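A short worksheet on the structure shown next.
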Amino acid sequence: MKFGFDIDDTLINLREHAFRIYTKRLKQDLSLETFKGIDRVEIHEPFGLTDAEGKEMWNRSLEEIYYTDCPAFPGARETLLDLAEEGHEIYYITARPKEHGIRTREWMKEKGFPITDDRFFYGMQDEEKIKIIEELGLDYYVDDKPAVLNTLLHTPTQLIVKDQSYNKELEMERLIDWDDFKSMIKMGT
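In terms of the UniProt record's numbering, the sequence shown has 59 at position 59, counting the first letter as 1, and numbering is strictly consecutive.
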């Protein structure tokens, strides 16, 4: 089978990692419960930043957010390693900017994810992921963003949403714990 995966907030816990960076940089002691209550992708509001200030903070912090100790979700790497070992094709489809694509791929390899260079796609807008996913003919695709998943509803690809505080309204198969992924796909086949 062919499996496609978004990276940020699907395989790795990027937003929570960034939230911790913000608390240090902005010297604000905000709790993890505050983070879990954010109902949008952007994380700047609890820090009292406007959308423009939040975007600027994010862009200024990208190097640290993308390439430091951002953890994988428990079980994510192991699940993908198992899938690859079983002979399935693993594709990564991320909207990370082009200038971060190759370095992100190498960072993911260093973190132990099974990556084949020609199956790693980056540098597109969220809504452009649909073209790649359709061309690849994926059997399953996992992402966290409603805007991306909603553009794929008409495709034959089976969609799974990685559970996040900002995607609760999506009514589709929901991945909460990566250790459950393989049983989810067996039920869907």
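Cβ atoms here follow ideal geometry from the backbone N, Cα and C, with glycine treated the same way. Computed from a predicted structure; not experimentally measured.
Rounded separation between residue i and residue j - CA only
i      : j      : result
Phe19  : Arg60  : 14 angstroms
Gly188 : Thr68  : Any answer about Gly188 is weak, because its pLDDT of 48 lies below 50 and its placement is not dependable; what the coordinates show is given next. Answer to the nearest angstrom: the Cα atoms are 36 angstroms apart.
Gly54  : Gly48  : 9 angstroms
Ala147 : Glu127 : 7 angstroms
Leu14  : Met1   : 27 angstroms
Lys162 : Lys27  : 30 angstroms
Thr10  : Leu152 : 16 angstroms
Phe5   : Lys24  : 30 angstroms
Lys111 : Lys186 : 27 angstroms
Arg174 : Asp82  : 20 angstroms
Glu169 : Ile176 : 15 angstroms
Glu171 : Thr155 : 16 angstroms
Thr50  : Arg96  : 22 angstroms
Ile102 : Glu63  : 14 angstroms
Own chain, CB closer than 8 angstroms to residue i, minus 5 neighbours either side, in chain order
i      : result
Lys98  : Tyr122 and Gly123
Lys36  : Ser165
Glu16  : Leu32 and Phe35
Met184 : Ile160, Glu173 and Leu175
Trp107 : Tyr66 and Tyr67
Cβ-based burial, residue i [other Cβ within 10 Å; buried from 16]
i      : result
Ala72  : buried
Asp143 : buried
Ala76  : buried
Ala52  : exposed
Arg40  : exposed
His44  : buried
Leu138 : buried
Asp180 : exposed
Gln125 : exposed
Thr79  : buried
Ile133 : buried
Thr157 : buried
Asp8   : buried
Lys145 : buried
Beta-bridge pairing of residue i - partner residues as DSSP gives them
i           : result
Ile12       : Asp8 and Ala72
Val148      : DSSP lists no partner for Val148.
Lys121      : Per the sequence presented here, residue 121 reads as Phe, with Lys not at that position. Bridge partners of Phe121: Ile93.
residue 191 : Nothing can be reported for residue 191, as the shown portion of the chain is limited to 1 through 189.
Phe3        : Ile90 and Tyr140
Inter-residue CB distance, residue i and residue j (contact presumed, cutoff 8 angstroms)
i      : j      : result
Ile160 : Tyr140 : 6 angstroms
Ser165 : Ile38  : 6 angstroms
Glu89  : Arg119 : 7 angstroms
Beta-carbon proximity list for residue i, same chain, < 7 angstroms, skipping 5 on both sides
i     : result
Tyr66 : His100 and Thr104
Pro74 : Trp178
Ala84 : Ile90 and Pro114
Cys70 : Ile12, Asn13, Leu14 and His17
Sequence-distant residues of the same chain with beta carbon closer than 6 angstroms to residue i, five excluded per side
i      : result
Lys131 : none
Lys129 : Ile93 and Val148
Leu30  : Thr23 and Pro46
The ligand ADP heavy atom lying under 7 angstroms from the CB of residue i
i      : result
Tyr122 : As far as ligands go, the structure on display features none, and thus does not contain the ligand ADP.
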